[in-house]
Ligand SMILES: [Mg+2]
Ligand SMILES: [Zn+2]
């Protein structure tokens, strides 16, 4: 996929909802925790009981401003508004959101490929409850009944609305990934798409070339992974092109991405669209963060992913390959670059540190687990000094992560990964060469492929304790 | 501020749909007359030039009313669900939701 | 006997709260089958609370400034585990799982809630005829309305069934029935009394306030319920006022504006009562100045756009999903509509539709925004007026209590009975209605005193002068 036929171009804007990492909900003291027994984190406010009133969570405001500053938004005095529409997951049948006066006004996000995407706004609002469909297909279409859990109702959200500046599904994925990394870096969100912490809606239209006017757009909902973002947009753009090529028209509507079927389908058309009757929320007063507060939050922001990528690039110097660039993106996205910078600061070679963090550490932590930066640095130093082989270093790392930490040297010793001294290695080599005299002769005469054969024999004889690099060096030395 | 078009029975029918109220034809007619009379009284406002005045969003000049991010006890679920018209699986049960999603 | 006397005697151990409460229950049993001021009498819990107060006194503890005083609470103020229905079918039988802040403050002050009082459905009305429980009658004349929407609270005090009650005032819903029933009613400054637990009608206008048989008791009750509440973002962060202590300080040196726009259109007997009240104030050293605030005439129109707009949103939650009435239907949207159609009365439907229309695409600017700009106009006009006067005096209502059924068929006619009370709500200012004699048929007349934000102490002092002058 990915290529639209002829001179067609897609125009994409994304609306990203992110839950904020607060302890409590946006307007009440109920716990903001994912999961939990249904309808246990509820109170008069988040259940919308008659007589209840909202009071704004100061931490949510701070996190929203952090997001705004990270996206270079203008922070402005804001007013909460009511967005009125009936839906059973919405306890008051209106959503408290920000409308004409959002907290975060115009800003931008630069993609790693250099594209600048305008952020039109990043406003605060409350989440809805969670509906489960019973009977029928288990999906909303054709369900017999539904049940509602309001634990999520009132959870603080920031909705980040991009301009229509994205021109490919790949770019949309990059935008979502970069935004996710920024949200994690600010500490505003854990970015867990699979838990719904970050949810993406895409507005997609197509046109004939960059100078043509925008076409009719469709909004695609339910994009709950980066992969879905890319697939759904590719699919939707192609669907629209095919319609237009066939002389038909695109209807403005909301469409639902069916990940299993790999297609979008109509959720509601524009004629059914609501008249939201926004008006200022009379139960809340205006929010006007002071310059001092904004400056203090700005000063407390850590470096954002783009800057952190630049830092790693700087550590690598002139020898950057495409593989390095991928590793850099990957460690920054996963918030693991601190391991690389710590190792580099301790004098470990950046390429080795980057490779181990991007591959082995990321893999090990991916299954859940933790490791202190200092522990990783020691292990990298051991490997670089030849105290352990690469294979051994990986095994030690897996044990360390599984145990949540420990002393790398002690783990290596316990696994029997003690450094073979040069004499012992020589003795093994003598024996292996003696046993395989013919092969050795061919190797000496220039059959390089046999280097692996001899390394393998030595490794087997030492039960993996020998350092592969040292074996190789010895073999070459002996060949002369 | 110019005066908007007078209220029609059609408007009332549309508003009833937005407000989730079912009206009989007789009610549409009656409400149209009554609402038109109230809106007619409001015509005196349309005649005012208030373009230089701000909109009062609030009778008080308060701003930045915030609370600390501290967990407070939630309600007892049994007490909450005891007031619900229908419950299944400790959740609020509703009939089919047709072709829409918030 | 005044609430103050009751509380003093109970605190001193000279009278038992249980006796006081039993006496109130007897009064209610005697009169309320005719008047129908109460939607529910909380006999058991009232007796329990009274016993606890007597026990506290016996143990040497002070149960608080309203020790043992029976009180009625309007049916739109949440009482945990007791039906709070707003006199609506859609909330019939609803038992809130929480107490309103004011209910907590009453308990902490030793007051005993003896019952919930009748009202117009969701506080929409001026006669207490729009109630699923049926109408309340005026204690002075049973063929007439007690006013509304807090008609039950006014009638309960007017008939002497309880010395105190709480109501809510969005456009006059405390002051108008207070005038009709011959009692004192105060609409406090917006934000002075917590709205947490008051079922919302129009959030930017609603305010809970006291009814009492005399100014001193109203001051005492207002003191108890006032003060900052962190659960209400619109609650003023000011200490509770000291009202009773200053009650007898008089009006000498105060400039009182006799406001033509709050008198014109009132009946002759009411106009005369306002003039007589002005004389009483003047006799105590107030300076009376004739004045006009023509902008107030726009209040009614602005109110009948703003209040319904907010109400249309506030009342959306009655959808049959989480609490209240559900009428079954094939799908959620139809269930919502069927429940709301069956659960709301005509006046509520009318205002929901009016408000929905005023907020809808294409009409927002012409109606809602224009009304909110008018509100600014009125706030400015008041500010200008208060630059030259300390208080404003006018009528509370254009007429005395009207016959039951007289205005039910003409909403606009009914709305006009709030024409003098609405402007203060739009400005967020306090106002008080104080009895000022009776008119034809012995029907009570009230006059209204208005002041700038947080001028409750001054208002009560002036009201006390009028009360004393008439005695
Ligand atoms: Mg949104
Ligand atoms: Zn809550």
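Chains as they are written, first to last, in our numbering: chain W, 1 to 480; chain F, 481 to 582; chain B, 583 to 1053.
Even glycine gets a Cβ: it sits at the ideal position worked out from N, Cα and C.
Determine the DSSP secondary structure at residue i, reduced to helix, strand or coil.
i, result
"residue 472 of chain W", "helix"
"residue 602 of chain B", "helix"
"residue 376 of chain W", "helix"
"residue 220 of chain W", "strand"
"residue 257 of chain W", "strand"
"residue 724 of chain B", "coil"
"residue 324 of chain W", "helix"
"residue 964 of chain B", "helix"
"residue 581 of chain F", "Because the pLDDT at residue 581 of chain F is just 45, under 50, the model does not fix this residue reliably, and the value given afterwards should be weighed accordingly. Note: residue 581 of chain F maps to coil in three-state DSSP."
"residue 695 of chain B", "strand"
"residue 1064 of chain B", "The requested residue 1064 of chain B is not part of the displayed model; chain B covers only 583 to 1053."
"residue 8 of chain W", "strand"
"residue 235 of chain W", "helix"
"residue 989 of chain B", "coil"
"residue 613 of chain B", "helix"
"residue 530 of chain F", "coil"
"residue 732 of chain B", "coil"
"residue 371 of chain W", "coil"
Looking at the secondary structure, which residues open and close the beta strand (DSSP E) in which residue i lies?
i, result
"residue 926 of chain B", "From DSSP, residue 926 of chain B is part of no beta strand (DSSP E); its letter is neither H nor E."
"residue 147 of chain W", "145-149"
"residue 94 of chain W", "94-98"
"residue 1030 of chain B", "1026-1032"
"residue 621 of chain B", "620-623"
"residue 976 of chain B", "973-977"
"residue 84 of chain W", "80-84"
"residue 753 of chain B", "Per DSSP, residue 753 of chain B belongs to no beta strand (DSSP E) and is neither H nor E."
"residue 357 of chain W", "Residue 357 of chain W -> no beta strand (DSSP E), and no H or E assigned at all."
"residue 654 of chain B", "652-656"
"residue 203 of chain W", "198-208"
"residue 133 of chain W", "130-134"
For residue i, which residues does DSSP report across the bridge?
i, result
"residue 769 of chain B", "B:1013"
"residue 119 of chain W", "W:107, W:162"
"residue 841 of chain B", "B:873"
"residue 575 of chain F", "W:145"
Would you grab the beta carbon distance between residue i and residue j for me? Rounded to a whole angstrom, and I think it's under 8 Å.
i, j, result
"residue 905 of chain B", "residue 491 of chain F", "31 Å between Cβ atoms; not a contact."
"residue 635 of chain B", "residue 592 of chain B", "7 Å"
"residue 111 of chain W", "residue 178 of chain W", "6 Å"
"residue 829 of chain B", "residue 1018 of chain B", "No, residue 829 of chain B and residue 1018 of chain B are not in contact; Cβ-Cβ is about 18 Å, not under 8 Å."
"residue 88 of chain W", "residue 909 of chain B", "Residue 88 of chain W to residue 909 of chain B, Cβ: 15 Å. No contact."
"residue 373 of chain W", "residue 409 of chain W", "Not really, about 17 Å apart at Cβ, beyond 8 Å."
"residue 749 of chain B", "residue 793 of chain B", "6 Å"
"residue 176 of chain W", "residue 16 of chain W", "7 Å"
"residue 515 of chain F", "residue 935 of chain B", "6 Å"
"residue 855 of chain B", "residue 1051 of chain B", "With 8 Å as the limit, residue 855 of chain B and residue 1051 of chain B do not qualify as a contact, their Cβ atoms being about 12 Å apart."
"residue 220 of chain W", "residue 268 of chain W", "Wrong, their Cβ atoms sit about 13 Å apart, outside the cutoff."
Starting from residue i, trace the alpha helix (DSSP H) both ways and give me its first and last residue.
i, result
"residue 453 of chain W", "450-461"
"residue 66 of chain W", "58-70"
"residue 849 of chain B", "Run containing residue 849 of chain B: none; DSSP gives neither H nor E here."
"residue 316 of chain W", "305-316"
"residue 521 of chain F", "505-521"
Q) Should the stretch 640-648 of chain B be called in touch with the stretch 735-743 of chain B, which here means at least 3 C-beta pairs below 8 Å? A) no
Q) Is the stretch 817-827 of chain B touching the stretch 1026-1043 of chain B, taking contact as three or more C-beta pairs under 8 Å? A) yes
Q.
Would the stretch 527-540 of chain F count as touching the stretch 34-44 of chain W if we require 3 or more Cβ pairs under 8 Å?
A. no
Q: State whether the stretch 250-263 of chain W contacts the stretch 227-235 of chain W, with contact taken as three or more CB pairs (one from each stretch) at a distance under 8 Å.
A: yes
Q: Below 9 Å between beta carbons is the criterion; list the residues of the stretch 549-561 of chain F that meet it against any residue of chain A, in chain order.
A: Within the model displayed, chain A is absent; protein chains W, F and B are what it includes.
Q | Touching by the beta-carbon criterion (3+ pairs, under 8 Å), the stretch 156-171 of chain W and the stretch 18-35 of chain W | A | yes
Q. Three or more beta-carbon pairs under 8 Å between the stretch 695-715 of chain B and the stretch 832-850 of chain B, yes or no?
A. no
Q.
With three or more beta-carbon pairs closer than 8 Å as the criterion, would you say the stretch 70-87 of chain W touches the stretch 558-572 of chain F?
A. no
**Q.** Contact between the stretch 538-558 of chain F and the stretch 280-299 of chain W (3+ Cβ pairs under 8 Å)
**A.** yes
Q: Tell me, please, whether the stretch 759-775 of chain B touches the stretch 792-809 of chain B by the rule of three or more beta-carbon pairs shorter than 8 Å.
A: yes
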